[in-house]
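Student:
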Amino acid sequence: MRLPHLALAVLAIPAMATAIVAGGRAVQSESGGPWEQIQVSAEPQPAAPATSAIPKPVPAKQAAHSRAIDPEIVVPPQLGSNELERIEPRAPLSDLALAGPPKPPKTKMPDDWKGTKLFQPVASAAGVIEAKGYSIAVSGIDIVKQEETCTDGGESWNCGIRARTAFRAFLRSRAVVCAVPPEGGRDLIAAECRIGNQDIGQWLVENGWARAAKGGPYVEAGEKARAAKKGVFGPAPSVSGLPPLPAAASRSAPVAPSSILEEQDGILMPPADQPAPAE
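Numbering (the numbering used here), first residue to last: 102 to 380.
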């Protein structure tokens, strides 16, 4: 029984080989042959753009949110003007929140600094000194302005001008030393000033040419000057000791010059001793 089976197997091998070869030829005839495949694949393919590899952004879908709103809670209630009440704002939590003007920078003075010396001072009023680009008001006093008038016994007099004149006579263009920074400024500065060892503010108040400021160092001196009626607290200055003003020269009527002609019978004729004019 084994020999017939072996003979059938040997005969089947050539038949299978023949069938495989026939099938391969049929496939080549349908696809056009290997040369046509090579011709098709050799054609240039269009180049793809450089950005083709970047994926296009996909728009994000916004999620829809929805919630229920109660209009009676969200909408404020309608109030009339008579139902509103205005209240004061609360106090700040600290002083740091309060806005204030900027503080001027502090000028550091040297250890041996005793003031700035000002030469040839000019007094624009009793207690106001101008020199070297400074305008200084002597501190501790109430300045008597130039246009100020004082009253004594119902009579007014220009005590402001009188006080300025007395202050100028006191200065006499002497150098003063004031407690001001070395760099001058055009703004009015209140400072202590002295001539040598004499306090200028003390002199003005003691002689009544300035009033002592309240709470200042010259209050006691000001009370003494007021009690003694010095300066602006006293009467108008007397001018009785001054020499009288020169009287105006009287002007007499001009005398008409006498005529050199003599009137005869209503006709002006030259005198007999005078020669007649030549014709």
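Ideal Cβ positions, reconstructed from N, Cα and C, are used throughout, including at glycine.
Can the beta-carbon of A264 be found closer than 8 Å to that of A280?
Tutor: Locating residue 264 in the sequence shown gives position 163, where the first residue counts as 1. Locating residue 280 in the sequence shown gives position 179, where the first residue counts as 1. Not closer than 8 Å, so no.
Student: For I114, which residues from the same chain have a beta carbon less than 7 Å from its beta carbon, with the 5 sequence-adjacent residues on both sides left out?
Tutor: Taking the first residue of the sequence shown as position 1, residue 114 is located at position 13. Nothing meets the Cβ criterion.
Student: With H, G and I counted as helix, E and B as strand and the rest as coil, what does DSSP make of E324?
Tutor: Locating residue 324 in the sequence shown gives position 223, counting from the first residue. Helix at E324.
Student: Count Cβ pairs between the segment 246 to 262 and the segment 311 to 322 that sit closer than 8 Å; are there 3 or more?
Tutor: No: the two stretches stay apart, fewer than three of their Cβ pairs being nearer than 8 Å.
Student: Which of the three DSSP states is assigned to A116 in this structure?
Tutor: For the purposes of this step, residue 116 is taken as residue 15 along the sequence shown, with counting starting at 1. Three-state DSSP puts A116 in a helix.
Student: Do you know offhand how far A311's Cα is from A227's?
Tutor: The residue you call residue 311 lines up with position 210 of the sequence shown. The residue you call residue 227 lines up with position 126 of the sequence shown. The straight-line gap from Cα to Cα measures roughly 7 Å.
Student: Going by alpha carbons, who is nearest to P91 out of C294, A192, Q299, D253?
Tutor: Examination of residue 91 is not possible in this model, given that the chain is present from 102 through 380 alone.
Student: When the Cα atoms are used, what is the spatial distance from D300 to C294?
Tutor: Within the sequence shown, numbered from 1, the residue matching residue 300 stands at position 199. Within the sequence shown, numbered from 1, the residue matching residue 294 stands at position 193. Their Cα atoms are separated by approximately 6 Å.
Student: What number of angstroms, rounded off, separates the C-alpha of S240 from the C-alpha of L194?
Tutor: Here residue 240 refers to the residue found at position 139 when the sequence shown is read from its first residue. Here residue 194 refers to the residue found at position 93 when the sequence shown is read from its first residue. Cα to Cα, S240 sits roughly 37 Å from L194.
Student: If I follow the unbroken alpha helix (DSSP H) through I290, where does it start and stop?
Tutor: Counting from 1 along the sequence shown, the entry for residue 290 is found at position 189. Taken as a continuous stretch (DSSP letters only), I290 belongs to no alpha helix (DSSP H), being part of the beta strand (DSSP E) at 289 to 292.
Student: Check each candidate in N308, A276, P338 and name the one with the smallest Cα separation from C251.
Tutor: Here residue 251 corresponds to residue number 150 of the sequence shown, with the count starting at 1. Selected option, being the one with the closest Cα: P338.
Student: Closest to E248 by CA distance: which of T266, T217, Y319 is it?
Tutor: Counting from 1 along the sequence shown, the entry for residue 248 is found at position 147. For E248, the nearest C-alpha among the options comes from T266.
Student: If you run the structure through DSSP and keep just helix, strand and coil, what is A314?
Tutor: Along the sequence shown, one-based indexing puts residue 314 at 213. A314: coil per DSSP, three-state reduction.
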